[in-house]
Amino acid sequence: MGERSFIDTNILVYAEASDLPAKQRTALDLLKRLYEEASGVLSTQVLQEYCNVAIRKLRMPAQQIRARLDLYEQFEIVQVTPVIVRMGLDLHQTRSLSFYDALIVASAQTAGCSTLFSEDLNTGDKMGPVRIANPFAAGAP
1 MGERSFIDTN ILVYAEASDL PAKQRTALDL LKRLYEEASG VLSTQVLQEY CNVAIRKLRM
61 PAQQIRARLD LYEQFEIVQV TPVIVRMGLD LHQTRSLSFY DALIVASAQT AGCSTLFSED
121 LNTGDKMGPV RIANPFAAGA P
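So the sequence shown is numbered by the UniProt record's numbering: it starts at 1 and just counts up by one.
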């Protein structure tokens with residue numbers, strides 16, 4: 001298995017975004033690649049946030065959301081524990097991240113990921129061993 005990569009919620013949301021076909025294609029291609037490489041990692045937080053957006057903003061039916069969860073549960077899933085919450089709090093204070101973004105970074109660090117794919121953080125930033133990459137940016141990996 002190669003380098004492990006953490007998948008932020010926005011990647012899952014864009015995979016549903018038929019109104020943004022370029023971002024949807026990028027998200028779907030990334031998810032497919034990480035699945036085939038067995039290198040993608042999600043967290044319980046990401047799955048919760050995805051469900052919330054799918055219900056409230058995308059207005060997806062529960063059956064369709066459940067079908068997506070069946071797929072996403074095939075990735076490695078990090079359980080957000082009190083230790084990760086404390087790490088997130090520390091990152092929030094030291095790196096000026098929102099608390100929820102800090103939890104994402106803490107989960108990626110805990111899972112031993114070298115890359116965190118996200119549109120919400122600064123591409124190229126390094127937080128410990130984790131490098132931030134925006135797959136939607138020009139010249140993205």
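Every residue, glycine too, gets a C-beta built ideally from N, C-alpha and C.
C-alpha distance - residue i paired with residue j, whole-angstrom precision
| i | j | result |
| --- | --- | --- |
| Leu-121 | Val-105 | 10 Å |
| Met-1 | Gly-40 | Residue placement at Met-1 is flagged as unreliable, the pLDDT there being 47, under the threshold of 50; the coordinate-derived value follows with that caveat. Answer to the nearest angstrom: the Cα atoms are 10 Å apart. |
| Asp-70 | Ala-62 | 12 Å |
| Gln-74 | Glu-119 | 23 Å |
| Ala-67 | Gln-93 | 37 Å |
| Gln-79 | Thr-44 | 5 Å |
| Pro-21 | Leu-28 | 10 Å |
| Lys-126 | Ile-132 | 6 Å |
| Asp-8 | Tyr-50 | 9 Å |
For residue i, three-class secondary structure by DSSP
| i | result |
| --- | --- |
| Phe-117 | strand |
| Glu-36 | helix |
| Met-1 | Note on Met-1: pLDDT 47, under 50, position unreliable in the model; the coordinate value appears next. In this structure, Met-1 counts as coil in the three-state DSSP scheme. |
In DSSP terms, what residue i is bridged to
| i | result |
| --- | --- |
| Val-130 | Met-127 |
Residue i and residue j closer than 9 Å at C-beta
| i | j | result |
| --- | --- | --- |
| Tyr-35 | Phe-136 | no |
| Leu-89 | Ala-102 | yes |
| Ile-55 | Ile-65 | yes |
| Val-83 | Phe-6 | no |
| Glu-16 | Gln-24 | yes |
The ligand SAH heavy atom lying under 8 Å from the CB of residue i
| i | result |
| --- | --- |
| Leu-34 | The ligand SAH is absent from the structure shown, which contains no ligand whatsoever. |
Ranges of the alpha helix (DSSP H) found wholly within the UniProt domain "PIN" (6-120), counting only runs of at least 4:
9-14, 21-36, 44-56, 62-72, 82-95 and 99-110
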